[in-house]
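Residue numbers (our numbering), protein chains in the order written: chain A, -12 to 240; chain B, 3 to 263.
Reviewing the structure listed below.
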């Protein structure tokens, strides 16, 4: 792929005819191709067990391709995990339970720490300031000293976003970001995500069960079922109705 | 589906166990007449042992404190030594070239009970509590390392994946994800080990490695059963108290963080 030219439409994620899974005999993903332009937000939708999470994990490098490829222009293959240029928010968020809110946010930047500071567990004043700034921008100012387990589901999602803000990845992979969150909280988290994207120009690839939310935030929807890409929809011209119909069709097929 | 209602059958297993037990009895040539003699002796021992030697209590307490100090120091040193070993033996953090030797080392030091380590160390460093502390620390290292890597491997993978994506190294994952996530379990294991080591170190004096075991051994040899019973009662009360305290503390650690983040 000679896609290194810097333009608004330069691709950030290129998945090319990807077949991948956990066992070679039964690949979960079959022959998937998507190209996400830099700065856009794409949502993967589809019924449970369709391979949505596996696709995110393949982009992250946690699942190796059996054939085809995942290319992230501007990043070396195999070095993606170590580079810290991809943020990952798993469905369960991946917060460390015994740490405080602020400590969890600081974890977004640990990749840059020396081994001596790592062992001592010492963060610089600069790092702490940035963590506090991130907490302020997700609306959790002054909550840094609380344990993450003391927070509500919506607040924990905000902590995960703040961690991503400290990390400043070029690409964010978010899995079922709005699962188990009430409507009002979901709205505010979507707004927050939109603001973060506008500020940082971050490319987002997310898995979303909530079609309405997916239509609101995504430039494009990728419908995945049975490990295959069924369609790629623009939320505006296809509309939620169409997506819902398609959703029902694949779910009952 | 009649088959699903039948209880699991143990025919072969039961038969095998009976055969093995019979072989063991035949091999040991157990003199069951000893049981009768034992009953008579118990009455005699009871007579000899009571009243317990109360004047022995001050000595017993001093020796007990030594036993507790050996257990405490040995447990702490063992805990600190076990952490790097346990982390290195964790499959979810490191690859086989580190995991396999680390597990082998932990298994090796765990093979000998601390009493046998004490025998060896008394030869190496001489009689006294130093041998006891070192023996306890060695065994504890092996035992705790195993408990630790099992706990670390049982942690949920999501935090590791999320933090790995930030570019964190294995050392950073260990320091900022694995150890904090497992800290309650690690502390609970530390208390359990202390409790275990108090029991183990109360007999280490038998081989000259310090503590109350020395006196138990000596009074046994002098056939002063009233002294032996006094010492055993002191040990019993202490161990029961520490077990109860440790159980309570441990349950507090393990229920301190309900729910998941």
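Ideal Cβ positions, reconstructed from N, Cα and C, are used throughout, including at glycine.
Small disclaimer: the values here were computed from a predicted structure and weren't measured.
- Closer than 7 Å to the CB of residue 70 of chain A there is at least one CB belonging to chain B.
- At the C-beta level, residue 62 of chain B and residue 233 of chain B come within 7 Å of one another.
- Of the residues A:148, A:107, A:114 and A:9, the one whose Cα lies closest to the Cα of residue 126 of chain A is A:148.
- Within the stretch 85 to 130 of chain B, the complete alpha helix (DSSP H) segments at least 4 residues long are 98 to 113 and 116 to 127, listed from N- to C-terminus.
- For residue 87 of chain A, not one C-beta of chain B is nearer than 7 Å to its own C-beta.
- The residue from B:203, B:226, B:25 and B:64 with its alpha-carbon nearest to that of residue 215 of chain B is B:203.
- For residue 174 of chain B, the nearest CB of chain A lies under 7 Å from its own CB, placing it at the interface with that chain.
- C-alpha of residue 105 of chain A to C-alpha of residue 165 of chain B: approximately 14 Å in a straight line.
- Nearest to residue 210 of chain A by C-alpha distance, out of A:13, A:5, A:19 and A:9, is A:19.
- Taking 4 residues as the minimum length, the alpha helix (DSSP H) runs contained wholly in the stretch 132 to 174 of chain A are 140 to 154, in order along the chain.
- Burial is judged here by how many other beta carbons sit within 10 angstroms of a residue's own beta carbon; residue 46 of chain B has fewer than 16 and is exposed.
- Within a 10 Å sphere around the beta-carbon of residue 57 of chain B sit fewer than 16 other beta-carbons, which makes this residue exposed.
- For residue 212 of chain A, the enclosing beta strand (DSSP E) begins and ends at 207 to 212.
- In the displayed model, residue 105 of chain A falls within a helix according to three-state DSSP.
- Taking the Cβ atoms as the reference, residue 157 of chain A lies roughly 7 Å from residue 189 of chain A, within the contact range of under 8 Å.
- Not a single CB atom of chain B sits nearer than 7 Å to the CB of residue 52 of chain A.
- At the C-beta level, residue 28 of chain A and residue 173 of chain A stay beyond 7 Å of one another.
- Non-local C-beta neighbours of residue 178 of chain B in its own chain, meaning closer than 8 Å and more than five positions away in sequence, comprise 165 and 170, ordered along the chain.
- Scanning B:91, B:147 and B:66 for the CA closest to the CA of residue 240 of chain B turns up B:66.
- Pairing residue 56 of chain A with residue 3 of chain A gives a Cβ-Cβ distance under 7 Å.
- Ranked by Cα distance from residue 7 of chain A, the options A:17, A:-2 and A:1 are led by A:17.
- By the criterion of at least three beta-carbon pairs nearer than 8 Å, the stretch 185 to 202 of chain A is in contact with the stretch 23 to 43 of chain A.
- DSSP places residue 20 of chain A in the strand class (E or B) of the three-state scheme.
- Put simply, the backbone Cα of residue 197 of chain A is about 48 Å away from that of residue 248 of chain B.
- Ranked by Cα distance from residue 212 of chain B, the options B:21, B:69, B:23 and B:29 are led by B:69.
- In the structure shown, the three-state DSSP call for residue 112 of chain A is helix.
- For residue 128 of chain A, the secondary structure class from DSSP, reduced to helix, strand or coil, is coil.
- Here residue 56 of chain A carries a strand assignment [DSSP, helix/strand/coil].
- Beta-bridge partners assigned by DSSP to residue 29 of chain A: A:192 and A:207.
- Using a Cβ-Cβ cut-off of 7 Å, residue 92 of chain B does not count as an interface residue toward chain A, since no Cβ of chain A sits closer than that to its own.
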